[in-house]
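Student:
Protein chains in written order, with the numbering used here: chain A, 741 to 946; chain B, 511 to 600.
1. Output the residue ranges of the beta strand (DSSP E) runs that lie fully inside the stretch 892-944 of chain A and measure 3 residues or longer, sorted by chain position.
2. Assuming residue 780 (chain A) and residue 872 (chain A) are in contact, meaning their beta carbons sit under 8 Å apart, how far apart are those beta carbons, in whole angstroms?
3. Counting contacts by CB-CB distance shorter than 9 Å, is residue 924 (chain A) in contact with chain B?
4. Beta-carbon of residue 835 (chain A) versus every beta-carbon of chain B: anything under 9 Å?
5. Which value, in whole angstroms, describes the spacing of the CA atoms of residue 909 (chain A) and residue 928 (chain A)?
6. Pick helix, strand or coil for residue 551 (chain B), following the three-state DSSP scheme.
7. Straight-line CA distance for residue 919 (chain A) to residue 863 (chain A)?
8. Pull up the distance between the alpha-carbon of residue 569 (chain B) and that of residue 761 (chain A), whole angstroms please.
9. With a cut-off of 9 Å, does the C-beta of residue 522 (chain B) fall near any C-beta of chain A?
10. From the DSSP output, read off the bridge partner residues of residue 563 (chain B).
11. Hey, out of A:850, A:795, A:776, A:812, whose CA is closest to residue 879 (chain A)'s CA?
12. Identify the contact partners of residue 762 (chain A) in chain B, using a Cβ-Cβ distance below 7 Å as the criterion.
13. Could you have a look at residue 522 (chain B) and say whether DSSP puts it in helix, strand or coil?
14. Closer than 7 Å by C-beta to residue 525 (chain B): which residues in its own chain qualify, once you throw out the five before and the five after it? Chain order, please.
15. Could you give the first and the last residue of the continuous alpha helix (DSSP H) run that contains residue 762 (chain A)?
16. From which residue to which residue does the alpha helix (DSSP H) around residue 808 (chain A) run?
17. Which chain A residues are close to residue 581 (chain B), counting only those with a beta carbon under 7 Å from its beta carbon?
18. Residue 903 (chain A) and residue 773 (chain A) - do their beta-carbons sit closer together than 9 Å?
19. Looking only at its chain, what residues have a beta carbon closer than 7 Å to the beta carbon of residue 542 (chain B), apart from the 5 residues adjacent to it on each side?
20. Reducing DSSP to helix, strand and coil, say where residue 614 (chain B) ends up.
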C-alpha cells in the first residue's frame, strides 16, 4: 500500500516535470473558483434585493447554476487541454521521429488533461457550494433567512479575499494587497446590483 | 557469467524526464551494475545522450524497453562487449 502511494506520488511528480500541469491547474483553480464565487454572490445579492426569503429556492437555483458552471468548466478545459497537449505531443513526436504511445510523455499528457479538467470543474462548484451552504442550513432550521444571507455574503468576501491572498502567495508579492484587489470585484458586483435594484430594473417580489 | 557486459548507446531523448530520472530506471534493471549518461547535444525539447552501461549478462531488450518508456530512440549501438571478462583497449 505504502509503495503504491509512493509510486503514485513519483509518477505524479514525473508528469508534473514533463507537462508543468500544476501551473495551468493553479490558474484554472483561481479563475474558475472566482467565477463560481462571484456568480453565487450575484445570485445571493440579487435574491436579497428581489425579496426572496425562501432558502431552498436560493439553494436549488444556486446548485443548478454551480453545476452548469462546473460542467462548462469540465468540457471547456477537457477539450482545450486535449487540443493543446496533443499538439505539443505531436510536435515532440516530429522531433523524435517516432510515435510516443505508451511513453511517459503520452501518460503525462493524459494526466495533465484529466487533472486540469477536474480542477476547472470542481473549483467553481466547491466555491459556489460553500456560499450556498448557509441556505441549506437555514432550510434545516439552523439559521433564519437573514442570518443565512449575512453568512453567505461573509463567506463570499472570505473566498474572494482568500483567492487573492493565494495569488499573492504565488507571486510572492503582498498577499493582503492581492486579497483586497479580489475583494474589490465583489464590492463592484454588489454596488452594481444595488444600483440596478434602486433604478427599478431589478424588481422586488416582496 | 558470460553474456553482454558493456553497452555504449547513442540515444535521442526528450528533455523531460531528465537523465537523472532515466539513470535511476536503468540502474533498476536486472544485471546492470553501472550506468553513465553524458549529454552530447541539446536542442529545443530534445537532447542527444551517450549512455554507457556495464553489468553482468545485460538484457538488451529490457534496456530498450526502459528507454522506450522515456520516449527515447537508439540512434546507434556504438560499442558492445561481452564474454567472461571485459577486454580493455578503448
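Note that the Cβ used here is the ideal one computed from N, Cα and C, for glycine as well.
Tutor: On the basis of the data shown:
1. Within the stretch 892-944 of chain A, no complete beta strand (DSSP E) run reaches 3 residues.
2. The beta-carbon distance between residue 780 (chain A) and residue 872 (chain A), rounded to whole angstroms, is 6 Å. This is short enough to meet the 8 Å contact definition.
3. For residue 924 (chain A), the answer is no, since every Cβ of chain B falls outside 9 Å of its Cβ.
4. True, the Cβ-Cβ gap to chain B drops below 9 Å.
5. The alpha-carbon atoms of residue 909 (chain A) and residue 928 (chain A) are separated by roughly 24 Å.
6. Under the three-state reduction of DSSP output, residue 551 (chain B) falls in the strand class.
7. Distance from the CA atom of residue 919 (chain A) to the CA atom of residue 863 (chain A), rounded to whole angstroms, is 18 Å.
8. Roughly 35 Å between the two C-alpha positions.
9. With 9 Å as the cut-off, residue 522 (chain B) counts as an interface residue toward chain A.
10. Under DSSP, residue 563 (chain B) forms a beta bridge with B:517, B:545.
11. Nearest option by C-alpha distance: A:795.
12. Residues of chain B passing the Cβ test: none, with the nearest at roughly 14 Å.
13. Annotated three-state conformation of residue 522 (chain B) is strand, per DSSP.
14. Only 555, 556, 557 meet the Cβ criterion.
15. Start and end: 761-789.
16. For residue 808 (chain A), the enclosing alpha helix (DSSP H) covers residues 795-836.
17. Contact of residue 581 (chain B) with chain A by beta-carbon distance below 7 Å involves 836, 840, 843, 844, 845.
18. Contact flag set, yes.
19. Contacts found: 536, 563, 565, 568.
20. There is no way to answer for residue 614 (chain B), as the model of chain B reaches only from 511 to 600.
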